[in-house]
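With positions in the sequence shown counted from 1, the corresponding number in the numbering used here is that position plus 127. Let me begin by presenting the structure, written as structure tokens, before commenting on it.
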Amino acid sequence: MDYTFDTICAIATPLSKGGIGIIRVSGENAIEMVQKIFTKTIAPKMINHGWIVDNGKKIDEVIVLPFVAPNSYTGENVAEIQTHGSPVVINQILEILLNSGARLAQRGEFTKRAFLNHKMDLSQAEAVLDLINAKTQATAHGAAGSLCGLLKTKIEEIKSKISALLGKIIASLDFPQDVAEVDYEEIIKETLSAADEIKDILKNAKMHNILRQGIKIAVAGRPNAGKSSLFNALLNVERAIVTEIEGTTRDTITETLDINGISATLIDTAGIREKSPDKVEKIGIEQSKAAIEEADIVLCLYDGQAGICEADRKIFDLAKDKKKIIVRTKCDLSGNISKDGEISTSSKTKEGIEKLKNAIYEEIIGVNPAQSEFLTNKRHQYCLKKALEALENALNGAKTGELQDLISIDLKAAVTILGEISGEVITDDILNDIFMNFCIGK
Numbered sequence: 128m129d130y131t132f133d134t135i136c137a138i139a140t141p142l143s144k145g146g147i148g149i150i151r152v153s154g155e156n157a158i159e160m161v162q163k164i165f166t167k168t169i170a171p172k173m174i175n176h177g178w179i180v181d182n183g184k185k186i187d188e189v190i191v192l193p194f195v196a197p198n199s200y201t202g203e204n205v206a207e208i209q210t211h212g213s214p215v216v217i218n219q220i221l222e223i224l225l226n227s228g229a230r231l232a233q234r235g236e237f238t239k240r241a242f243l244n245h246k247m248d249l250s251q252a253e254a255v256l257d258l259i260n261a262k263t264q265a266t267a268h269g270a271a272g273s274l275c276g277l278l279k280t281k282i283e284e285i286k287s288k289i290s291a292l293l294g295k296i297i298a299s300l301d302f303p304q305d306v307a308e309v310d311y312e313e314i315i316k317e318t319l320s321a322a323d324e325i326k327d328i329l330k331n332a333k334m335h336n337i338l339r340q341g342i343k344i345a346v347a348g349r350p351n352a353g354k355s356s357l358f359n360a361l362l363n364v365e366r367a368i369v370t371e372i373e374g375t376t377r378d379t380i381t382e383t384l385d386i387n388g389i390s391a392t393l394i395d396t397a398g399i400r401e402k403s404p405d406k407v408e409k410i411g412i413e414q415s416k417a418a419i420e421e422a423d424i425v426l427c428l429y430d431g432q433a434g435i436c437e438a439d440r441k442i443f444d445l446a447k448d449k450k451k452i453i454v455r456t457k458c459d460l461s462g463n464i465s466k467d468g469e470i471s472t473s474s475k476t477k478e479g480i481e482k483l484k485n486a487i488y489e490e491i492i493g494v495n496p497a498q499s500e501f502l503t504n505k506r507h508q509y510c511l512k513k514a515l516e517a518l519e520n521a522l523n524g525a526k527t528g529e530l531q532d533l534i535s536i537d538l539k540a541a542v543t544i545l546g547e548i549s550g551e552v553i554t555d556d557i558l559n560d561i562f563m564n565f566c567i568g569k
């Protein structure tokens with residue numbers, strides 16, 4: 128692959144009013160380019176204070192941090208300009224750099240250069256994006272684990288195990304007079320060990336995907352079943368309007384909630400009833416049905432004072448193909464007498480709220496979720512599954528006494544596929560797909 132490394136620049140902080148704004152410049156001429164518009168001589172390994180100027184006119188008092196290659200994020204010469212956090216000033220300085228010969232960076236181009244300059248492998252580069260997008264502490268922790276190389280190390284360990292076995296087989300094939308054929312029991316043992324390690328990583332795949340993407344939870348029920356009250360109680364904030372008037376909620380309301388480390392989009396829906404008095408409420412009811420259809424899990428509410436009626440059961444049937452939890456509301460007024468499989472709650476006293484959160488977590492993740500110190504994404508999981516298939520083919524071959532040169536083909540395929548995770552084997556299309564999900568400036 129042929130890459131050009133011209134000088135790029137971009138705003139690295141959100142473009143809004145704040146204390147500071149950061150403009151990042153990377154490339155062979157990065158520090159030299161910034162020096163031309165900076166009033167002081169830029170000293171390496173120092174915090175440089177001065178002014179950015181344009182044709183002799185002072186633009187802003189700034190700090191310039193130089194990073195000399197290869198000791199920088201991208202592995203190139205990098206200069207970071209810390210300005211006052213005015214969008215007008217930040218854009219003006221960016222424009223000066225562009226007029227000086229720099230090019231506006233593409234999405235993720237700084238991290239892409241870090242990968243291409245061997246400052247990180249591809250799994251670590253992807254972890255940067257996961258860390259930026261993390262919505263919960265659990266997601267951030269897993270992303271940090273991948274960024275510091277825990278996934279990379281694990282993959283390297285598995286590859287080394289397979290490669291060592293492959294080396295023995297190839298040596299016996301190339302030098303049959305000097306090297307004895309590898310015992311099939313050893314092939315079975317080592318291949319099975321590598322396959323089991325991959326399976327252990329894949330056990331966490333569901334959890335990792337949920338941590339990254341989050342879940343949608345729809346709160347559904349008849350009018351006045353206590354949906355908006357429960358919505359507020361789960362959020363621990365008065366977000367939805369609550370009254371005794373049926374049909375108060377006319378539209379779906381969404382908020383984000385952290386449930387045991389999982390980012391959940393909580394959707395308060397309009398009460399569903401067969402005959403609605405006005406057109407606006409009918410639209411709200413249709414939106415409620417759509418929210419149920421899109422949800423990963425549905426909280427099916429019924430009024431604990433009134434008990435379950437046929438209208439409630441019809442609403443619950445809308446979620447028959449979904450994961451759902453039956454919630455009995457207003458237990459402070461009617462007593463905690465829920466049936467098996469139900470959870471009694473009181474939005475007023477907060478009784479049952481934590482129990483409901485735990486039930487949501489267990490319904491989505493499972494009672495005893497697998498734990499890991501890093502995150503995998505769907506690309507990693509696809510590669511792991513393909514590598515596992517290759518190992519299982521080699522394992523079956525060893526069990527049936529297949530020619531070892533054929534077994535070696537499957538072992539080599541497993542090593543090559545695992546190399547795709549770290550980026551040892553990669554195409555431009557895959558690189559572009561990965562880094563196009565980044566923001567400009569990172």
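We treat Cβ as the ideally placed atom computed from N, Cα and C, and that holds for glycine. No experiment lies behind these values; they were computed from the predicted model shown.
Boundaries of the beta strand (DSSP E) harbouring Thr392: Ile389 to Asp395, taken from the DSSP string. The Cβ atoms of Ser250 and Ser549 lie closer than 7 Å to each other. Going by C-alpha positions, Lys539 is about 47 Å away from Ile419. In this chain, Tyr429 is not harboured by any alpha helix (DSSP H); it is covered by the beta strand (DSSP E) spanning Ile424 to Asp430. For Gln209, the uninterrupted beta strand (DSSP E) run begins and ends at Val205 to Gly212, by DSSP.
With contacts defined by Cβ atoms closer than 7 Å, Ala232 and Ala137 form a contacting pair. Glu469 and Val454 have their C-alpha atoms spaced approximately 6 Å apart. For Ser227, the three-state secondary structure derived from DSSP is coil. In the structure shown, the three-state DSSP call for Thr472 is coil. CA-to-CA, the gap between Ala446 and Lys505 works out to about 27 Å. DSSP lists Thr392 as the bridge partner or partners of Lys343. Closest in C-alpha terms to Glu519, from the list Lys343, Ile315 and Ile208, comes Ile315. Residue pairing by DSSP places Gly177 opposite Val189 in a beta bridge. Exposure of Asn559 is indicated by the presence of fewer than 16 other C-beta atoms within 10 angstroms of its C-beta. If you draw a straight line from the Cα of Cys436 to the Cα of Ser473, it comes to about 20 Å. As DSSP reads the structure, Asp385 sits in a beta bridge with Ser390.
Judged by DSSP in its simplified three-state form, Gly148 adopts strand. If you look at Ile452, you'll find it in the beta strand (DSSP E) that goes Lys450 to Thr456. The C-beta of Ala397 has 16 or more other C-beta atoms within 10 Å across all chains shown, which makes the residue buried. Contact between the region 141-148 and the region 206-213 is established, with three or more Cβ pairs separated by less than 8 Å.
The way I'd put it, the region 168-177 doesn't touch the region 261-268; fewer than three beta-carbon pairs between them come closer than 8 Å. A straight-line Cα-Cα distance of about 11 Å links Asp133 and Arg240. Per DSSP, the unbroken alpha helix (DSSP H) holding Ile442 starts and ends at Glu437 to Asp444. The beta carbons of Ile179 and Val189 sit closer together than 7 Å.
Judged by DSSP secondary structure, Ala322 falls outside any beta strand (DSSP E) and instead within the alpha helix (DSSP H) spanning Tyr311 to Leu329. The three-state secondary structure of Phe165, taken from DSSP, is strand.
Closest by C-alpha distance to Ile544, out of Cys510, Glu529 and Ser535, is Cys510.
Beta-bridge analysis with DSSP links Ile492 to no other residue. The residues Asp459, in chain order, have a CB closer than 6 Å to that of Thr476 in the same chain once the five nearest residues on each side in sequence are set aside. Our two residues, Leu192 and Gly269, have alpha carbons roughly 30 Å apart in a direct line. In this structure, the straight-line span from the alpha carbon of Phe358 to that of Asp385 is close to 13 Å. Collapsing the DSSP output to three states places Phe194 in a strand.
Using a Cβ distance threshold of 7 Å, Thr379 and Gln340 do not count as a contacting pair. Between the alpha carbons of Val309 and Ala541 lies a distance of about 19 Å. Apart from the 5 residues on each side of it in sequence, Asp248 sits with its Cβ closer than 6 Å to the Cβ of Lys279, Ser549 and Gly550 in its chain, given in chain order.
Glu253 and Ile561 do touch by the CB rule: their CB atoms are close to 6 Å apart, below 8 Å.
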